[in-house]
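Report on one structure; see the data block that follows.
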Amino acid sequence: EHVATSSNYSYLTYALQKTNLDGVLNGTDNYTLYAPNNMAFSRFLMESGFSNVDEVPTEILTQILLNHVMAGLIQYRDFETGYFQTAANSAATGTPLSIHIEQVNMRVTLNGESRITQGNVYATNGVIHAVDRVVPIPSIVTFAKADKGLTNLLIALTRQDLTVDFASILSTNVGTAPAPFTVFAPTDQAFIDLLTELGAQSLSDIDEPTLKATLTYHVIGEANALSTDLSDNLELNTLGGPITANITGGATLTDGNNRVSKIIAVDVQANNGVIHVIDKVILPN
Numbered sequence: 009e010h011v012a013t014s015s016n017y018s019y020l021t022y023a024l025q026k027t028n029l030d031g032v033l034n035g036t037d038n039y040t041l042y043a044p045n046n047m048a049f050s051r052f053l054m055e056s057g058f059s060n061v062d063e064v065p066t067e068i069l070t071q072i073l074l075n076h077v078m079a080g081l082i083q084y085r086d087f088e089t090g091y092f093q094t095a096a097n098s099a100a101t102g103t104p105l106s107i108h109i110e111q112v113n114m115r116v117t118l119n120g121e122s123r124i125t126q127g128n129v130y131a132t133n134g135v136i137h138a139v140d141r142v143v144p145i146p147s148i149v150t151f152a153k154a155d156k157g158l159t160n161l162l163i164a165l166t167r168q169d170l171t172v173d174f175a176s177i178l179s180t181n182v183g184t185a186p187a188p189f190t191v192f193a194p195t196d197q198a199f200i201d202l203l204t205e206l207g208a209q210s211l212s213d214i215d216e217p218t219l220k221a222t223l224t225y226h227v228i229g230e231a232n233a234l235s236t237d238l239s240d241n242l243e244l245n246t247l248g249g250p251i252t253a254n255i256t257g258g259a260t261l262t263d264g265n266n267r268v269s270k271i272i273a274v275d276v277q278a279n280n281g282v283i284h285v286i287d288k289v290i291l292p293n
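According to our numbering, the sequence shown is numbered sequentially starting from 9.
Below, the structure is given as structure tokens:
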């Protein structure tokens with residue numbers, strides 16, 4: 009109701025009505041809504057190749073809007089950096105999409121692109137935070153860009169001399185091979201430790217064939233393997249070759265060199281796959 013009374017949110021109001029989500033948000037449950045204004049919505053339509061809201065397929069529009077909704081009431085002061093769940097569902101599995109929230113000096117950014125410009129507009133059943141851009145439906149690459157703890161992974165994936173365009177591949181939509189993906193994402197510290205292990209000064213010191221082969225061992229194609237899918241002595245066929253998962257005593261991955269990586273965060277769900285964060289870079293045989 010609060011959004012509907014503001015002329016600056018007429019696009020959002022119409023989109024909610026078109027998808028019948030206005031009734032949901034007017035219910036008794038508490039929600040947190042990230043509300044793009046008309047300028048933000050117009051930008052989204054233009055960048056997506058749509059002339060108006062009616063041109064956006066209802067199924068797609070519904071998930072975009074649900075990506076702006078989180079269960080419960082989250083006040084601006086309570087935001088913290090990390091991954092959380094939205095009301096949208098992943099095309100890969102139908103499980104809830106993750107959202108990356110970054111809070112730095114009380115400046116809050118969603119999925120690396122959408123910034124909260126006004127917080128704590130209270131409604132009868134929740135709170136609204138105005139945002140300057142439509143919150144993007146996340147791909148694997150969206151999270152690699154948004155998460156400052158994965159900066160070295162992003163640098164590796166986008167190194168210009170690579171003969172494989174990993175960023176483009178990992179942006180592939182579900183329905184087109186090799187999506188969906190399971191990605192084991194090394195932390196920045198994992199890459200620092202790798203440089204020490206290899207006696208290198210920077211990622212640029214690692215030759216192209218080695219870096220390319222290394223990255224392929226962190227990606228499984230055509231599978232959205234959640235943490236619940238892992239078991240002891242489970243062989244996982246990455247794009248580079250087999251590695252072995254174990255879960256007793258904590259989830260780990262063992263490469264062909266008997267190096268063990270601990271899985272330290274699980275089930276970061278993108279629209280085209282899932283990310284599990286690991287503490288050691290997997291190396292090819």
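Yeah, the Cβ is synthetic: ideal placement off N, Cα and C, and Gly gets one too.
- Taking C-beta atoms under 8 Å as the contact rule, L178 and P146 fail to qualify, at a distance of about 11 Å.
- Beta-bridge annotation (DSSP): I251 is paired with L244.
- Among the bridge pairs identified by DSSP, E110 is matched with T117.
- Under the DSSP definition of a beta bridge, S269 partners with L261.
- Collapsing the DSSP output to three states places S56 in a helix.
- Measuring C-alpha to C-alpha distances from D196 to each of K156, S56 and T89 identifies K156 as the nearest.
- Under DSSP, F189 shares a beta bridge with G229 and G281.
- Taken atom to atom, the span from the alpha-carbon of T70 to that of V61 is near 11 Å.
- A distance below 9 Å separates the beta carbons of I290 and R267.
- V77 sits in a strand when the DSSP states are folded into three classes.
- Scanning its chain for C-beta atoms nearer than 6 Å, with the 5 sequence neighbours on each side dropped, one finds around G264 the residues N293, in chain order.
- If you draw a 10 Å sphere on the C-beta of T184, you find fewer than 16 other C-beta atoms in it, and that means exposed.
- Distance from the CA of N97 to the CA of L202, rounded to the nearest whole angstrom, comes to 35 Å.
- Residue pairing for V276: DSSP places it in a beta bridge opposite I283.
- Just measuring C-alpha positions, the residue of I228, N119 and R141 sitting nearest M47 is R141.
- Listed in chain order, the non-local C-beta contacts of N160 below 6 Å within the same chain comprise D196 and F199, local neighbours out to five positions each way being set aside.
- Between the alpha carbons of I214 and A152 lies a gap of roughly 20 Å.
- Around the C-beta of T66, fewer than 16 other C-beta atoms lie within 10 Å, and the residue is accordingly described as exposed.
- Ranked by how close their Cα comes to the Cα of Q111, the residues R123, T246, T103 and G207 have R123 in first place.
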